[in-house]
Amino acid sequence: MSLLPSASINTIARHEGETVTLAGWVANRTEKGKLIFIRLRDGTGVIQCVVFKRNVSDETFAAAQRLTLESACRITGSVRADARAPGGFELDVSDVEVVQVAAEYPITPKEHGVEFLMAHRHLWVRSAKQHALLRLRAEVIAAAQEWLNAQGFIRFDTPILTPVAAEGTSNLFATEYFDLGRAFLAQTGQLYVEAGMMSFGKVYTFGPTFRAEKSKTRRHLTEFWMIEPEVAFAGHEENLVLQEQFVSAIVQRCLERCAAELQILERDTTSLERCLPPFPRITYDDAIDLIARRHTDVEGCSPIPWGEDLGAPHETLIASQYDRPVFVERFPTAAKAFYMEPDPQRPEVALCADLLAPEGYGEIIGGSQRIHDADLLEQRIREHGLNVDDYQWYLDLRRYGSVPHSGFGMGIERCTAWIAGTHHIRETIAFPRMLYRMYP
RNA sequence: UCCCCGAUAGCUCAACGGUAGAGCGGCUGACUGUUAAUCAGUAGGUUCGUGGUUCGAAUCCACGUCGGGGAGCCA
81 MSLLPSASIN TIARHEGETV TLAGWVANRT EKGKLIFIRL RDGTGVIQCV VFKRNVSDET
141 FAAAQRLTLE SACRITGSVR ADARAPGGFE LDVSDVEVVQ VAAEYPITPK EHGVEFLMAH
201 RHLWVRSAKQ HALLRLRAEV IAAAQEWLNA QGFIRFDTPI LTPVAAEGTS NLFATEYFDL
261 GRAFLAQTGQ LYVEAGMMSF GKVYTFGPTF RAEKSKTRRH LTEFWMIEPE VAFAGHEENL
321 VLQEQFVSAI VQRCLERCAA ELQILERDTT SLERCLPPFP RITYDDAIDL IARRHTDVEG
381 CSPIPWGEDL GAPHETLIAS QYDRPVFVER FPTAAKAFYM EPDPQRPEVA LCADLLAPEG
441 YGEIIGGSQR IHDADLLEQR IREHGLNVDD YQWYLDLRRY GSVPHSGFGM GIERCTAWIA
501 GTHHIRETIA FPRMLYRMYP
């Protein structure tokens with residue numbers, strides 16, 4: 081006989097007046113003499129179950145008394161509307177079946193510190209806010225993939241174990257690879273997805289990426305998930321249009337389908353509702369001017385000379401000037417990755433852009449038009465001090481039917497943190513990997 | 001790697017050179033409408049580690065360990 085429930089809590093209203101069996105965990109319990117309130121959590125929602133001593137057998141009442149926080153159980157009762165119940169419906173209990181009585185649960189409704197919660201991450205994911213955040217993350221991922229699929233993109237998965245640094249200098253995680261020496265965990269799928277682009281035209285890769293940077297901020301993880309579209313024949317302009325449509329579609333879908341989660345997260349959604357194309361754009365040159373004029377607006381923000389990359393305080397200042405995401409485009413070529421196409425009118429800047437989320441959530445997308453000329457690409461590889469032999473396969477993409485093409489990478493955790501309005505991105509992934517934390 | 005901050009009961013914190021405490025959680029009991037219930041009682045401590053200063057150290061000093069916030073780099 082199946083142990084599965086006969087109804088789920090998120091759609092319990094459909095069962096008003098019916099007797100159903102729910103299966104889940106005790107989110108909270110209050111005993112009041114001959115009356116016990118059990119708030120049951122089934123993964124889809126939470127419902128209050130009311131056990132009256134007079135309405136149930138002694139065994140059932142005793143079972144309800146045994147339930148501790150997070151105990152697993154199956155509860156049978158009739159669904160009724162009641163204004164006193166959170167959510168408007170409650171279960172008038174007729175039977176309680178204990179599946180497992182939980183040991184004393186370490187996470188209480190009271191406050192806990194970051195260290196304690198991170199050490200109990202495997203349990204913390206059950207908590208309402210974490211549940212909402214991870215549900216929102218799943219929606220961001222589904223929205224991103226389904227939107228790209230609908231636009232004719234093909235998912236083209238790229239390797240995680242790679243022979244060399246895709247972008248060169250950044251720190252990489254290395255591991256032994258049999259007799260072939262060291263392998264590195266991919267820090268991006270971009271170079272490989274370009275091979276897919278030459279096969280399918282419009283592709284994207286989606287998966288975990290790894291950076292062994294010793295970053296210790298609320299915007300960094302050593303393992304994070306990135307979705308990276310790449311489009312043949314697309315130039316810089318088309319790339320930006322694709323990005324603003326993509327991001328808007330994701331945000332609007334989250335607003336539609338995750339309203340309950342955003343409410344639990346106490347997210348003010350008015351700024352998200354404004355997130356529609358076109359997004360404002362500012363060139364790197366104008367950004368430098370803006371920083372020179374307004375750097376005192378943001379703490380720790382100092383003027384920078386032309387050629388230097390923007391820091392976190394600079395991004396905060398720029399984003400604060402706009403009410404929706406903003407593109408910062410045409411960075412100095414020398415400060416960017418080797419594969420970015422120089423602006424034909426001004427080779428000292430590249431046809432690239434970062435998309436900064438509003439409200440100080442920082443860079444959520446980095447993208448560019450890629451160099452499609454084999455000679456220029458090889459020259460740039462040498463200028464970056466990289467080994468040309470390692471990139472022969474990548475140069476081949478420019479030798480056999482090369483076309484102008486563009487793409488970008490969006491960080492799932494940063495995007496989710498922005499939409500959720502969550503301060504630290506560690507809460508937007510189930511098990512964050514950080515500089516000083518790998519457990520659990 | 002650098003700068004700043006912290007570590008005391010299961011959790012969140014107080015005690016700031018002189019007897020180690022509270023709230024929550026746990027346990028026991030009361031209660032037919034609780035929403036982090038309320039009320040009464042009760043158990044619970046190697047004050048992160050090592051060394052030093054002192055009549056006396058949770059408290060001051062040094063080193064170490066672990067963690068938090070930020071920078072650089074990036075998504």
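Residues 81 to 520 (our numbering) are what the first sequence spells out, left to right.
All C-beta atoms in this analysis are idealised placements derived from N, C-alpha and C, irrespective of residue type, glycine included.
A quick note: this is a predicted structure, and the numbers were derived from the prediction, not measured.
Enclosing alpha helix (DSSP H) for residue 319 [first to last residue]: The residue given as residue 319 occupies position 239 in the first sequence. Residues 316–337.
Using the Cα positions of residue 468 and residue 271, report the straight-line distance between them to the nearest angstrom. Numbered from its first residue, the first sequence carries residue 468 at position 388. Numbered from its first residue, the first sequence carries residue 271 at position 191. Cα-Cα distance, rounded: 14 Å.
Please report how far the alpha carbon of residue 422 lies from the alpha carbon of residue 431, in whole angstroms. Here the question's residue 422 lines up with position 342 in the first sequence. Here the question's residue 431 lines up with position 351 in the first sequence. Rounded to the nearest angstrom, the two C-alpha atoms are 6 Å apart.
If you draw a straight line from the alpha carbon of residue 476 to that of residue 375, how long is it in whole angstroms? Within the first sequence, the letter at position 396 stands for residue 476. Within the first sequence, the letter at position 295 stands for residue 375. Using only the alpha carbons, I get a separation of about 45 Å.
Is residue 441 closer than 9 Å to residue 494 when the C-beta atoms are compared? As a first step, residue 494 is located in the first sequence; it is residue number 414 there, counting from the start. As a first step, residue 441 is located in the first sequence; it is residue number 361 there, counting from the start. Closer than 9 Å, so yes.
Under a Cβ-count criterion, where at least 16 other Cβ atoms within 10 Å of its own Cβ denotes burial, should residue 132 be classed as buried or exposed? Taking the first residue of the first sequence as 1, we reach residue 132 at position 52. So residue 132 counts as exposed.
C-alpha distance - residue 519 paired with residue 318, whole-angstrom precision: As a position in the first sequence, residue 519 is number 439, starting the count at 1. As a position in the first sequence, residue 318 is number 238, starting the count at 1. The alpha-carbon atoms of residue 519 and residue 318 are separated by roughly 42 Å.
Within 10 angstroms of the Cβ of residue 455, are there 16 or more other Cβ atoms? Answer buried if so, exposed if not. By 1-based counting over the first sequence, the position of residue 455 is 375. Its Cβ having fewer than 16 others within 10 Å, residue 455 is exposed.
With DSSP run on the structure shown, which of helix, strand or coil describes residue 351? Taking the first residue of the first sequence as 1, we reach residue 351 at position 271. Reduced to three states, the DSSP call for residue 351 is helix.
To the nearest angstrom, how far is it from the Cα of residue 286 to the Cα of residue 306? As a position in the first sequence, residue 286 is number 206, starting the count at 1. As a position in the first sequence, residue 306 is number 226, starting the count at 1. Going from the Cα of residue 286 to the Cα of residue 306 covers about 6 Å.
Within the same chain, show all residues whose beta-carbon is closer than 7 Å to that of residue 316, passing over the 5 residues directly before and after it, in chain order. Looking up residue 316 in the first sequence gives position 236. Within the same chain, residue 316 has close Cβ partners 431, 449, 486.
Is the separation between the beta-carbon of residue 491 and that of residue 258 shorter than 9 Å? Your numbering for residue 491 matches position 411 in the first sequence. Your numbering for residue 258 matches position 178 in the first sequence. Against a cut-off of 9 Å, the Cβ pair of residue 258 and residue 491 comes out as no contact.
From 350, 359, 343, pick the residue whose C-alpha is nearest to that of residue 328; which is it? Position 248 of the first sequence, counted from the start, is the residue given in the question as residue 328. Measuring from the Cα of residue 328, the nearest candidate turns out to be 359.
Quick check: what's the CA-CA separation for residue 298 versus residue 505? Counting from one through the first sequence, the residue named residue 298 turns up at place 218. Counting from one through the first sequence, the residue named residue 505 turns up at place 425. Each residue's Cα considered, the two are about 6 Å apart.
If we require 3 or more residues per run, which beta strand (DSSP E) segments fall completely within the segment 82–162? 99–112, 115–121, 126–132, 152–161
Same chain, Cβ closer than 7 Å to residue 395, neighbours up to 5 away in sequence not counted: As a working note, residue 395 is residue 315 in the first sequence. Only 436, 442, 443 meet the Cβ criterion.
Residue 175: first and last residue of the uninterrupted alpha helix (DSSP H) it sits in: Walking along the first sequence from the start, residue 175 turns up at place 95. Here residue 175 belongs to no alpha helix (DSSP H); instead the beta strand (DSSP E) covers 169–180.
C-beta contact flag for residue 233 and residue 282 at 9 Å: Walking along the first sequence from the start, residue 233 turns up at place 153. Walking along the first sequence from the start, residue 282 turns up at place 202. Contact: yes.
When the Cα atoms are used, what is the spatial distance from residue 341 to residue 119? Residue 341 sits at position 261 when you count from the first residue of the first sequence. Residue 119 sits at position 39 when you count from the first residue of the first sequence. So the two alpha carbons sit approximately 18 Å from each other.
For a quick check, are the C-beta atoms of residue 143 and residue 100 less than 9 Å apart? Locating residue 143 in the first sequence gives position 63, counting from the first residue. Locating residue 100 in the first sequence gives position 20, counting from the first residue. Result no, Cβ atoms of residue 143 and residue 100 do not sit closer than 9 Å.
In chain order, what residues of the same chain have a beta carbon less than 6 Å from the beta carbon of residue 244, not counting five sequence neighbours either side? Along the first sequence, read from residue 1 onward, the residue named residue 244 stands at position 164. Only 470 meet the Cβ criterion.
Flag this pair as yes or no: are the beta carbons of residue 461 and residue 331 separated by less than 9 Å? To locate residue 461, count along the first sequence from 1; it is residue 381. To locate residue 331, count along the first sequence from 1; it is residue 251. No, the pair does not count as a contact, with Cβ atoms beyond the cut-off.
Taking DSSP as the reference, what is the three-state secondary structure of residue 164? On the first sequence, position 84 is the one that residue 164 refers to. In this structure, residue 164 counts as coil in the three-state DSSP scheme.
Same chain, Cβ closer than 7 Å to residue 294, five either side skipped, listed in chain order: Residue 294 sits at position 214 when you count from the first residue of the first sequence. Excluding positions up to five away in sequence, the list reads 515.
In terms of alpha-carbon separation, which member of 165, 111, 156 lies closest to residue 146? For this step, residue 146 is matched to residue 66 along the first sequence. It is 111.
Three Cβ pairs or more, each shorter than 8 Å: is that satisfied between the segment 159–172 and the segment 192–211? no
Counterpart residues of residue 297 in DSSP-defined beta bridges: By 1-based counting over the first sequence, the position of residue 297 is 217. Bridge partners of residue 297: none, in fact.
Is residue 361 near residue 407, with beta carbons less than 9 Å apart? Along the first sequence, read from residue 1 onward, the residue named residue 361 stands at position 281. Along the first sequence, read from residue 1 onward, the residue named residue 407 stands at position 327. In contact: residue 361 and residue 407 (Cβ atoms closer than 9 Å).
By the 10 Å Cβ neighbour count, where 16 or more other Cβ atoms means buried, how is residue 249 classified, buried or exposed? For the purposes of this step, residue 249 is taken as the residue at position 169 of the first sequence. In this prediction, residue 249 has a pLDDT of 47, which is less than 50 and means its spatial position is unreliable; what the coordinates show is noted afterwards. Exposed, since its Cβ has fewer than 16 Cβ neighbours within 10 Å.
Assuming contact is defined by CB atoms lying nearer than 9 Å, are residue 152 and residue 180 in contact in what I supplied? As a position in the first sequence, residue 152 is number 72, starting the count at 1. As a position in the first sequence, residue 180 is number 100, starting the count at 1. Result yes, Cβ atoms of residue 152 and residue 180 sit closer than 9 Å.
If you follow the alpha helix (DSSP H) that residue 420 is in, where does it begin and where does it stop? Along the first sequence, one-based indexing puts residue 420 at 340. Note, residue 420: premise wrong, no alpha helix (DSSP H); not H, not E.
Let me check understanding here. Comparing Cα to Cα, which of 189, 347, 290 lies closest to residue 106? By 1-based counting over the first sequence, the position of residue 106 is 26. Among 189, 347, 290, the Cα nearest to that of residue 106 belongs to 189.
In the DSSP assignment, find the alpha helix (DSSP H) that holds residue 276 and state where it starts and stops. Stepping through the first sequence from its first residue, residue 276 is reached at position 196. Element bounds for residue 276: 270–280.
Which same chain residues end up closer than 7 Å to residue 221 when comparing Cβ atoms and leaving out the 5 residues on each side of it in sequence? Translated into the one-based positions of the first sequence, residue 221 becomes position 141. Correct list, in chain order: 492.
Does the distance from the C-beta atom of residue 235 to that of residue 185 stay below 9 Å? In the first sequence, the residue the question calls residue 235 occupies position 155. In the first sequence, the residue the question calls residue 185 occupies position 105. Their beta carbons are not under 9 Å apart, which means residue 235 does not touch residue 185 by this criterion.
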